[in-house]
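Visitor: Mind having a look at this structure? Questions to follow.
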Amino acid sequence: MSQPSGDIQSAMVRLLYRQSHGVLFANFVIPVAVVFVLRHSTYAGPLLWWMALVYAVTLARILLSMVFYRYESSATPRAWANRFAAMSWVSAALWGWVGSTALFPPGAEWTAFACIVLAGMTCGAVPALSAQPRIYVGMVLLMGGPFIVHNAMQPEPIYNVYAAFGIAMIVVNSYFSRVTYHTLLTGVKLRFENLALIGQLEHERDRATAADMAKTRFLAAASHDLRQPVHALGLLSASLAAVAERGDVRADAATQISQRLNGTLDRMGGLLDGLLHVSRLDAGLMPARRRPLPLGKLLADLRDEYAEQARQRGSTLRVRVTQAWIDSDPELLRRILDNLLSNALRYAPRSRIVVGARRRPGAIEIQVLDSGPGIDPSQQALVFEEFAQLLNVQSEHGLGLGLAIVRRLADLLGHPVTLRSTPGRGSNFSVTVPLARDAEPEAPALTSAEGLAPADLQARYGVMLVDDDPQILAALGDLLAFWGHTVYAGATVEAVCAAHQRARIAGPAPVDLILADFRLAAQVTGRQAIAWLREYLDTEVPGLIVTGDTAPDRLKALHASGLRVLHKPIAAPLLRQAIVETVRGGVTAESAHSG
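The following block contains the structure:
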């Protein structure tokens, strides 16, 4: 029979000691009855000595129980069980002396009395000692064995019956002890399983509560952070209107307002991009495409992009460029480093920030160090959780998604991320990237309209535009027209078709692209709108979907459509590039999603 382990074994030993109280009580009461019955039938001396020994052993067992309850942790469960077994077996041997009828006068009636006493003791010990079956088996053998041997050696047949009864008593009680043991063990296991289940439920409850509180903080932060650029847009719009009312719009004033508008939109776009990245990770739409790439170029790009931001925040940024080649996905690794560096600028203002790389066996550890306030050890486990925001009143709070995105992107790439921080002495975030086995030239990637050829910038297309938001429809239509495209716009497919038919009356009205919002009125989707317009045109015109939806299931559906998808807000240069690439067939099923 296999032994239970760990906490279960400890519980079974505690059960053994707790249930032995009845046996100890019997060892005080039954000797009195035995002495009373035999007081005129045998020598008083041996009988009293036997009674004294039984009481002495019983007192020792009581003392052992008291020590166990007070000092249980001082020894292993098996050691406490062995001590209990030794005392129980000594007591059983004393009762076995009664069973050998050494204290009884000869006669079948006295043997019957001994049989009754032993049967009561062995049966009563079943529930008390079955938590440890080996203890019970040893006890019943020591108690009943002498009785069986004594009766088996007698010539009269009646004694053989008593011997058989003793054997049956041992076998039956041992069986019931085994059954009781399994019942007790099952009960203990169920209790621990219930406790574990309760612990899991409490843990999940705490997680749900923490998530609810985190999302509440997130909504408050999102409301604040989105109100700020919206407020700035309102002020800039008022400034633009005031300049227009003067009737004398200077180029430098218009350029300044335009730059501020773009800066405000970039800030709002950065906030929304964080949400989009989380949703795309949830939907599994950010596959890792690792390849050899030069780390030095990546670090130099970071330096060029963030140097001005660091200066504006009163920080000094130092980037140590390396010549190493690494094996990673350039886009995803760049997002990791962007988030780490943005985090350092946000939470460690007016500090010294260093970005560098240390060689490790077969890898490069890219480090982002700052001399900011550092992170308390109690908060370090939380910084990679979604919506987590540290209690640093001196810093600018974001949505609490940056480091959560870092962790998930690093897990996707298989790049370990570590944090070392000391309060008051700064933080060190690092990501370990494997070295590339073979360096190879990195293919240039177009990331903005600046990468388009002059001929592409001069291209003029016919664009069907579907969007049920009148403000976006008007603004996007005006922008496309400003770029020289012919626009057939409407809030519905029917309105777009009507606009196109009106244009055909005046002359040729070619259509090179269908640009549709994903969520239209009357439960119509952009995919459906593109399909219906293609049916109207009777040709497979390239389609481009614009969406602000970040739900993972919707993103999966869009990815499966094979259409290129742009996520709001969209920078004008990227929209212009996407239009050119889509019309010219520069989009494939694998690269069909931008943003």
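In this text, residue positions in the sequence shown follow full-length UniProt numbering: the first is 1, and each later residue adds one. Quick reminder that beta carbons are idealized off the backbone N, C-alpha and C, glycines included.
1. Would you report the Cα separation of VAL188 and VAL172, rounded to the nearest angstrom?
2. How many angstroms separate the CA atom of VAL433 from the CA atom of LEU382?
3. Do you know offhand how far VAL126's Cα is from VAL117's?
4. Just to confirm the assignment: which complete alpha helix (DSSP H) runs, minimum length 4, are found wholly within the stretch 337–386?
5. Quick one: using the 10 Å Cβ neighbour count with 16 as the cut-off for buried, is MET87 buried or exposed?
6. Please list the terminal residues of the continuous alpha helix (DSSP H) segment that includes ASP478.
7. Over what stretch of residues does the alpha helix (DSSP H) that includes ARG420 continue unbroken?
8. For GLN458, is the classification buried or exposed, using 16 other Cβ atoms within 10 angstroms of its Cβ as the cut-off for buried?
9. Please list the terminal residues of the continuous alpha helix (DSSP H) segment that includes ARG504.
10. Which residues in the same chain as VAL524 place their Cβ atom closer than 8 Å to its Cβ, once the five residues preceding and following it in sequence are excluded?
11. What's the gap between the Cα of LYS556 and the Cα of ILE364?
12. Do VAL368 and LEU341 come within 7 Å of each other at the CB atom, strictly closer than that value?
13. What span of residues does the beta strand (DSSP E) with PHE429 cover, start to end?
14. Quick one: what's got a C-beta closer than 7 Å to ASP376's C-beta in the same chain, skipping five residues either side?
15. For ASP517, does the three-state DSSP call read helix, strand or coil?
16. Following the continuous beta strand (DSSP E) through VAL98, name the residue where it begins and the one where it ends.
17. Report the three-state DSSP secondary structure of ALA489 (helix, strand or coil).
18. Starting from VAL137, trace the alpha helix (DSSP H) both ways and give me its first and last residue.
19. Please name the residue or residues paired with ARG260 in a DSSP beta bridge.
20. Buried or exposed for ASN194, please, with buried defined as at least 16 other CB atoms from any protein chain shown within 10 angstroms of its CB.
21. Whether or not the stretch 12–28 and the stretch 177–192 are in contact is what I'm after, with contact meaning three or more pairs of Cβ atoms, one per stretch, closer than 8 Å; do they touch?
22. Measure the alpha-carbon distance for ALA26 versus ARG78 and round it to whole angstroms.
23. Measuring straight from C-alpha to C-alpha, what distance separates THR447 and LEU574?
24. To the nearest angstrom, how far is the alpha carbon of GLN309 from that of ALA495?
25. Please report the straight-line C-alpha distance between TYR181 and MET139, rounded to a whole angstrom.
26. Measure how close the beta-carbons of SER328 and ARG360 come, nearest whole angstrom, since I'm counting them as under 8 Å.
27. On a Cα-Cα basis, can you pick out the residue from LEU16, VAL149, PRO294 that is closest to TRP436?
28. May I have the straight-line CA-CA distance separating PHE429 from GLU245, to the nearest angstrom?
29. Is any beta-carbon of chain B found at less than 7 Å from that of HIS485?
30. What do you reckon, is the C-beta of ARG358 under 6 Å from a heavy atom of the ligand NAP?
31. Take the Cβ of PHE482 as the centre, count every other Cβ of all protein chains shown within 10 Å, and call the residue buried at 16 or more, exposed below.
32. So what does DSSP say about SER328, is it helix, strand or coil?
33. Straight-line CA distance for ALA75 to TRP95?
34. Could you check where the alpha helix (DSSP H) with PRO106 kicks off and where it finishes?
35. Could you name the residues that DSSP lists as bridge partners for HIS567?
36. Cβ atoms of GLY548 and ILE530: under 7 Å apart, would you say?
Guide: By the coordinates alone:
1. 24 Å
2. 23 Å
3. 15 Å
4. 377–380
5. buried
6. 470–482
7. Note, ARG420: premise wrong, no alpha helix (DSSP H); beta strand (DSSP E) at 417–422.
8. exposed
9. 493–506
10. THR492, VAL493
11. 34 Å
12. yes
13. 426–434
14. PRO423
15. strand
16. No beta strand (DSSP E) contains VAL98, which is instead part of the alpha helix (DSSP H) from 77–99.
17. strand
18. 133–152
19. Per DSSP, none; premise fails for ARG260.
20. exposed
21. yes
22. 26 Å
23. With a pLDDT of only 41 at THR447, under 50, the local geometry of the prediction cannot be trusted, and the value read off the model is given with reservation. Cα to Cα, the separation comes out at about 7 Å.
24. 46 Å
25. 15 Å
26. The pair is not a contact, with the Cβ atoms about 14 Å apart (cut-off 8 Å).
27. Strictly speaking, residue 436 in this sequence is Ala, with Trp absent from that position. Of the candidates LEU16, VAL149, PRO294, the one whose C-alpha sits nearest the C-alpha of ALA436 is PRO294.
28. 51 Å
29. Protein chains in the displayed structure number just one, and chain B is not present.
30. In the structure shown, the ligand NAP is absent, as is every other ligand, since no ligand is present at all.
31. exposed
32. strand
33. 29 Å
34. Premise fails: PRO106 is in no alpha helix (DSSP H) and is neither H nor E.
35. THR547
36. no
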